[in-house]
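To start, the structure itself, in structure tokens.
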Ligand SMILES: Cc1cc2nc3c(=O)[nH]c(=O)nc-3n(C[C@H](O)[C@H](O)[C@H](O)COP(=O)(O)O)c2cc1C
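Here's what the structure looks like:
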């Protein structure tokens with residue numbers, strides 16, 4: 001391979017890394033009967049249409065993380081690996097007693113560097129759109145050096161779900177998800193440069 005081929009090849013590689021962002025869509029709840037998989041699948045469908053990143057659903061329940069420091073955390077290595085791979089996140093957040101779930105807090109506590117210097121958006125739901133849980137999460141993300149964006153799709157248990165369990169989002173919510181991703185993508189791209 002000649003000098004220019006090498007140079008061109010390298011440029012191409014760099015371009016791919018710049019545009020091929022990995023964004024993890026993290027499901028925050030783990031209880032039986034949870035609605036978070038429906039919300040996560042909807043966000044992924046909207047996100048995939050954009051073609052601006054590799055979007056992956058990350059289900060905390062798959063990693064079977066015991067409370068930090070209690071029991072054998074057999075899934076901890078895989079948890080670390082999947083989070084390390086991401087350039088940014090969309091947290092699917094449900095409100096439990098005016099905050100985030102214990103499962104999400106525990107999963108966040110497991111790692112540090114893997115979260116650092118990355119961006120995130122939050123899609124939440126609850127009786128008031130999961131607003132109180134979201135504000136708690138923003139404080140936690142600050143400590144983990146995760147830059148959370150301003151636009152926040154907030155889904156109502158009363159108007160975006162049927163019988164509080166069947167997810168039927170109002171049409172306008174899709175715009176909100178796209179506006180949130182319009183902020184997550186450039187921030188994830190920018191923060192990638194300071195991790196290299
Ligand atoms: C333990 C618990 C506490 C809850 N507390 C609140 C609350 O403080 N505010 C609220 O709006 N909804 C609250 N809810 C309702 C949840 O937001 C709703 O059930 C939602 O579907 C839970 O998300 P999940 O189905 O993904 O687990 C609570 C639900 C549970 C299970």
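Numbering (this note's numbering), first residue to last: 1 to 196. All C-beta atoms in this analysis are idealised placements derived from N, C-alpha and C, irrespective of residue type, glycine included. On a predicted model such as this, the values are computed, not experimentally measured, just so you know.
Close Cβ partners of residue 87 (< 7 Å) along its chain, the five nearest in sequence each way excluded: Counting from one through the chain shown, the residue named residue 87 turns up at place 87. The answer, listed in chain order, is 21, 22, 23, 118, 188 and 192.
Determine, using beta carbons only, whether residue 124 and residue 144 come nearer to each other than 9 Å. Along the chain shown, one-based indexing puts residue 124 at 124. Along the chain shown, one-based indexing puts residue 144 at 144. The answer is no: Cβ separation not under 9 Å.
Taking the C-alpha atoms as reference points, what is the distance between residue 176 and residue 72? Position 176 of the chain shown, counted from the start, is the residue given in the question as residue 176. Position 72 of the chain shown, counted from the start, is the residue given in the question as residue 72. In a straight line, the C-alpha of residue 176 is about 40 Å away from that of residue 72.
Note the first and the last residue of the continuous beta strand (DSSP E) segment covering residue 71. Locating residue 71 in the chain shown gives position 71, where the first residue counts as 1. Careful: residue 71 lies outside any beta strand (DSSP E) and carries neither H nor E.
Counted within 10 angstroms of its Cβ, other Cβ atoms place residue 16 as buried (16 or more) or exposed: On the chain shown, position 16 is the one that residue 16 refers to. Because the pLDDT of residue 16 is 41, which lies under 50, any placement of that residue in the model is unreliable, and the number read from its coordinates should be weighed accordingly. Under this definition residue 16 is an exposed residue.
Cβ-Cβ distance between residue 60 and residue 104 below 9 Å: Mapped onto the chain shown, residue 60 falls at position 60. Mapped onto the chain shown, residue 104 falls at position 104. Yes, Cβ-Cβ distance for residue 60 and residue 104 is below 9 Å.
What are the boundary residues of the alpha helix (DSSP H) that residue 106 is part of? As a position in the chain shown, residue 106 is number 106, starting the count at 1. Where residue 106 is concerned, the enclosing alpha helix (DSSP H) stretches over 102-109.
Identify whether residue 55 lies in helix, strand or coil by the three-state DSSP scheme. Translated into positions along the chain shown, residue 55 becomes position 55. In this structure, residue 55 counts as strand in the three-state DSSP scheme.
Contact between the stretch 34-41 and the stretch 78-96 is defined here as three or more beta-carbon pairs at a separation below 8 Å; is this criterion met? yes
Can you say whether residue 173 is buried or exposed, counting buried as having 16 or more other CB atoms within 10 angstroms of its CB? In the chain shown, counting from the first residue as 1, residue 173 sits at position 173. Burial call: buried.
Give the DSSP-derived three-state secondary structure of residue 63 in the structure shown. The residue labelled residue 63 in the question sits at position 63 within the chain shown. DSSP places residue 63 in helix when its eight states are reduced to three.
I'd like to check one pair, residue 78 with residue 63: are the Cβ atoms closer than 9 Å? Within the chain shown, residue 63 is the residue found at index 63, counting from 1. Within the chain shown, residue 78 is the residue found at index 78, counting from 1. Contact: yes.
Quick one, are the C-beta atoms of residue 178 and residue 46 less than 9 Å apart? Counting from 1 along the chain shown, the entry for residue 178 is found at position 178. Counting from 1 along the chain shown, the entry for residue 46 is found at position 46. Yes, they are a contact pair.
Can you give me the start and stop residues for the alpha helix (DSSP H) that residue 88 sits inside? Counted from its first residue, the chain shown places residue 88 at position 88. It is not in any alpha helix (DSSP H) - residue 88 instead sits in the beta strand (DSSP E) that spans 88-94.
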